[in-house]
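Heads up: the structure comes next, in structure tokens.
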Amino acid sequence: MPKTYIIPVKSVAQLNSHGSHKFFVGTAIVSSFPTDLPKTPNIREPNKKASIFKEILETLDSAPEKFFDRNNGIKISAYKVKIHKTSSGEELHVEFLEDSEGYTQYGVYDGGHTIAVFSTAMVQKIDLTKALVKVEITCGLPSSEVAVNALTANTTSPIDTRSRVNARGGYDFIKRFIEQLEDELDIKYKIAYYQNQTGVPKDPRCSVQHLCKILICLDRVKYDYSSSGRSQHPFSLVVPQFLSPKETERLQKLLPLLPQGLWIERELYKLIEKYITSPSVKGNCNLASIALSGNSLLADGSAFGFKAPAVLSLPIIASFRVFLDNDCQWTLPFDEFAPSMLNKLWERLKSDLKTEMGKGNNAIATTLYRQVNFWSSLCNTSLEEKNRILERMTREMRKQTTPPVPTFVSK
């Protein structure tokens, strides 16, 4: 259903437009500006702790009459705009189609911090009677064009790579897969696709980039553990700043492995929690990089009462690629080998973390996890277990296929 917001203005003009594209520029009255405008196309949500928010609020509070000149204004993508004359001036009636109905191009695409400041100023009862703000409204632009405008307009403060990729639609294939997974498993994942996304924990394990790293760790083809050199393991864990068609195709091929990757991470954290809460260890953790104060949150909503670096589980996940073929298919039923395999890898990791703690190397991301031998030792553990499983299966098959030796009874 379309939804209409009213923006009172001192003046407004419709500039030259092309085809169905219409462009409006107005001088809006801050004291009556609607602060609940949708922000769907914006590449990040406003952060009230950010310096830019504090600077805008300071300007509005100290010199409201100069706010129009000192602020970059608000840019909006709308479905329709109508200019209404009233006894007190003019109004812009701005109509949006809702995000819940699949329309992602309508709303504020630049100026989210400015609107958040208006809301705070109203709560703090700051005098806004002299404050005006520039408003630019476009109608008729496709979602792809709005996304480009949002990306180029947001230049006041740094934008992280994740937000840029998301603005270009680079994560859309992951979003679709997650939606399908949520329907199948009846679970709600909390994944941040852009900066300051509300409703999602700030834990890096809940970032879409962490999901990409999990997939990268399971890339059996690109990171061939049986080869030699530094390319045999994904220990650098760099997510591309721009997902090229080739990178997207590679991640799409790996995407069906994501549920197993998330399972490995969650079950590993359960094993760690069980260990550090045991009577022999409780209160004095002897594992490098693990802190008993703080929490670790996962994308599926799981929470654990210890703090660990986001990279902690990635070498363990990478070790499972030993059980994958070149088509990203498990060579053995995952549910049958995964629990025992994870326990063996955990024992190995636990030993290494204890050793690092003894050396005083608590920052494993820059020490232990940068060593090729560490990644190789975990893969070797997986290979040994895989060989044991295959040998056992071979023995069992021979028993089933070997005919029984006949026995003769003499008369």
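Plus 1223 on top of the position in the sequence shown (first one is 1) and you've got my numbering. Glycine included, each C-beta is placed from N, C-alpha and C at the ideal position. Treat the numbers as computed from the prediction; the structure is a model and nothing was measured.
Status (buried if at least 16 other CB within 10 Å, exposed otherwise) for residue i
i: H1244; result: exposed
i: N1239; result: exposed
i: G1249; result: buried
i: P1225; result: exposed
i: P1468; result: exposed
i: K1188; result: Here the chain comprises residues numbered 1224 to 1634, so residue 1188 is not present and cannot be evaluated.
i: G1583; result: exposed
i: A1568; result: Sequence check: residue 1568 is Leu here, not Ala. Buried, because 16 or more other Cβ atoms sit within 10 Å of the Cβ of L1568.
i: S1519; result: buried
i: E1402; result: exposed
i: I1513; result: buried
i: A1522; result: buried
i: M1620; result: exposed
i: Q1475; result: exposed
i: I1410; result: exposed
i: L1441; result: buried
i: R1473; result: buried
i: D1195; result: This structure cannot settle anything about residue 1195, because the visible part of the chain is limited to 1224 through 1634.
Distance CB(residue i)-CB(residue j) smaller than 8 Å
i: S1449; j: T1361; result: no
i: S1340; j: G1296; result: Rather than Ser, the amino acid found at residue 1340 in this sequence is Val. In this structure, G1296 does not lie closer than 8 Å to V1340 by Cβ.
i: P1264; j: A1373; result: yes
i: R1267; j: Y1417; result: yes
i: S1599; j: R1571; result: no
i: A1531; j: M1580; result: no
i: E1313; j: K1353; result: no
i: P1635; j: G1330; result: Summary: the structure shown does not reach residue 1635, with the chain confined to residues 1224 through 1634, and so no result is reported for it.
i: D1333; j: K1298; result: yes
i: R1593; j: F1400; result: no
i: N1509; j: K1425; result: no
i: F1256; j: I1275; result: no
i: T1337; j: N1294; result: yes
i: R1428; j: A1561; result: no
i: E1318; j: T1227; result: yes
i: K1398; j: G1524; result: no
i: V1235; j: L1315; result: yes
i: A1370; j: G1393; result: no
i: M1564; j: E1607; result: no
i: F1529; j: L1515; result: yes
Bridge-paired residues (DSSP) for residue i
i: G1524; result: Paired residues: none, contrary to the question.
i: E1359; result: V1248 and K1298
i: Y1228; result: V1317
i: S1519; result: F1527
i: G1484; result: None; G1484 has no bridge partner.
i: Q1432; result: Paired residue(s): none; Q1432 is not in a bridge.
i: H1307; result: E1314
i: V1253; result: Answer is none; V1253 lacks a bridge partner.
i: L1238; result: F1246
i: L1547; result: W1553
i: G1330; result: S1300
i: A1514; result: K1530
i: A1354; result: DSSP lists no partner for A1354.
i: A1415; result: S1430
| message | Three or more C-beta pairs under 8 Å: does that hold for the segment 1533–1551 against the segment 1477–1496? | response | yes
Would you check if the segment 1426–1438 and the segment 1475–1490 touch, i.e. whether three or more CB-CB distances between them fall below 8 Å?
Yes: at least three Cβ pairs fall under 8 Å.
contact_flag[the segment 1275–1283, the segment 1385–1398] where n(CB pairs < 8 Å) is 3 or more: no
Notebook entry, point to check: Does the segment 1543–1560 come within contact of the segment 1474–1483, defined as at least 3 CB pairs closer than 8 Å?
Noted result: yes
ask   = Can you list the alpha helix (DSSP H) stretches of 4 or more residues lying completely in the segment 1559–1614, in chain order?
value = Fully enclosed alpha helix (DSSP H) runs of 4 or longer: not present.
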